[in-house]
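Student: In my numbering, the protein residues as written are 13 to 213.
Virtual Cβ for every residue (Gly too), placed ideally from N, Cα, C.
1) Tell me, to the nearest whole angstrom, how far the beta carbon of residue 59 is from that of residue 84; I am working on the premise that it is less than 8 angstroms.
2) Between residue 197 and residue 27, how many whole angstroms is the CB-CB distance? I'm expecting something under 8 angstroms.
3) Less than 8 angstroms between the C-beta atoms of residue 139 and residue 210, yes or no?
4) Taking the alpha helix (DSSP H) that residue 161 falls in, what are its first and last residues?
5) Using 8 angstroms as the threshold, is the C-beta distance between residue 117 and residue 24 below it?
6) What residue does the alpha helix (DSSP H) around residue 185 start on, and which one ends it?
7) Mind pulling the beta strand (DSSP E) runs of 3 or more residues that sit fully within the stretch 34 to 61?
8) On a Cα-Cα basis, can you pick out the residue from 151, 168, 156 that is closest to residue 35?
9) Roughly how many whole angstroms lie between the Cα atoms of residue 108 and residue 213?
10) Whose C-alpha, out of 179, 168, 204, 159, is nearest the C-alpha of residue 45?
11) Taking buried to mean at least 16 other C-beta atoms within 10 Å of its own C-beta, is residue 16 buried or exposed?
12) Could you name the residues of the same chain whose beta carbon sits closer than 8 angstroms to that of residue 214, not counting the 5 residues immediately before and after it, in chain order?
13) Cutting at 6 angstroms between CB atoms, please list the residues of its own chain near residue 128, excluding the five before and the five after it.
14) Could you check which residue in 92, 182, 133 has the C-alpha nearest to that of residue 155?
15) Here's the rule: buried if 16 or more other CB atoms are within 10 angstroms of the residue's CB, otherwise exposed. What is residue 47?
16) Under three-state DSSP, which class holds residue 104?
17) Name the residue from 106, 78, 49, 41 whose alpha carbon lies nearest to the alpha carbon of residue 205.
18) Under 8 angstroms, do residue 163 and residue 144 count as touching if we go by C-beta distance?
Okay, here's the thing in structure tokens:
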């Protein structure tokens, strides 16, 4: 299956968000918003880090990641505005296991590390998009409108990460996508110690 050409969330992700996560999220709006803010900041940082990799050989990567970083920072600022409006104090949260566990499966070769990190980026963006859509109908009007408004950008970022993963690989990446899909499915469907935007149930 050519994921890059299809570039659809439903065909890429190995499972849907469990209802148990949605139920927990609706009872943990403060944590949901706080962790969402942290996710946007980390996403901007990740995009910036890619600007220093392959940038001289591939100016398109430099430009695309610059645009993603700016978009993620705008989203970060928007979430900060929502937190302030709702009198939720911005504070640090412990990281979820999601990204840490995915990174444990990154290959150590130069190409493998780059391609796998891009694939992880695609999973993060795809899962974020899917979760925005899953929870939006159950939120208040302000948050529903905000989350639905993020769907297009998350879909676009997912497509960009996947495109570059295929572009920088000297082999078809389907096998590696399936490797990470197996891990991602376990992380989403298995019990988690704490609730976060990308946590399990």
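Tutor: So, from the data block:
1) Stepping through the chain shown from its first residue, residue 59 is reached at position 47. Stepping through the chain shown from its first residue, residue 84 is reached at position 72. Contact flag correct, Cβ pair sits at about 6 angstroms.
2) The count along the chain shown starts at 1 and reaches residue 197 at position 185. The count along the chain shown starts at 1 and reaches residue 27 at position 15. Contact holds; Cβ gap of about 5 angstroms.
3) Counting from 1 along the chain shown, the entry for residue 139 is found at position 127. Counting from 1 along the chain shown, the entry for residue 210 is found at position 198. Result yes, Cβ atoms of residue 139 and residue 210 sit closer than 8 angstroms.
4) Residue 161 sits at position 149 when you count from the first residue of the chain shown. Run containing residue 161: 153 to 180, per the alpha helix (DSSP H) assignment.
5) Here residue 117 corresponds to residue number 105 of the chain shown, with the count starting at 1. Here residue 24 corresponds to residue number 12 of the chain shown, with the count starting at 1. Cβ atoms of residue 117 and residue 24: not closer than 8 angstroms.
6) If you number the chain shown from 1, residue 185 lands on position 173. Neither: residue 185 is in no alpha helix (DSSP H) and is coded neither H nor E.
7) none
8) As a first step, residue 35 must be located in the chain shown, where it is residue number 23. It is 151.
9) Looking up residue 108 in the chain shown gives position 96. Looking up residue 213 in the chain shown gives position 201. Cα-Cα distance, rounded: 12 angstroms.
10) By one-based count along the chain shown, residue 45 stands at place 33. Out of 179, 168, 204, 159, 159 has the C-alpha closest to the C-alpha of residue 45.
11) For the purposes of this step, residue 16 is taken as residue 4 along the chain shown, with counting starting at 1. Caution is warranted here: a pLDDT of 42 is assigned to residue 16, below 50, making its placement in the model unreliable, and the coordinate value is therefore given only provisionally. Classification for residue 16: buried.
12) Past the edges of the chain, shown from 13 to 213, lies residue 214, and the structure says nothing about it.
13) Stepping through the chain shown from its first residue, residue 128 is reached at position 116. Excluding sequence neighbours, residue 128 sits near 118, 119.
14) As a working note, residue 155 is residue 143 in the chain shown. Nearest of 92, 182, 133 to residue 155, Cα basis: 92.
15) Locating residue 47 in the chain shown gives position 35, where the first residue counts as 1. Classification of residue 47: buried, given that the 10 Å Cβ count is 16 or more.
16) Working through the chain shown from its first residue, we reach residue 104 at position 92. Here residue 104 sits in coil by DSSP.
17) For the purposes of this step, residue 205 is taken as the residue at position 193 of the chain shown. For the residues 106, 78, 49, 41, the minimum Cα distance to residue 205 belongs to 106.
18) If you number the chain shown from 1, residue 163 lands on position 151. If you number the chain shown from 1, residue 144 lands on position 132. Contact flag set, yes.
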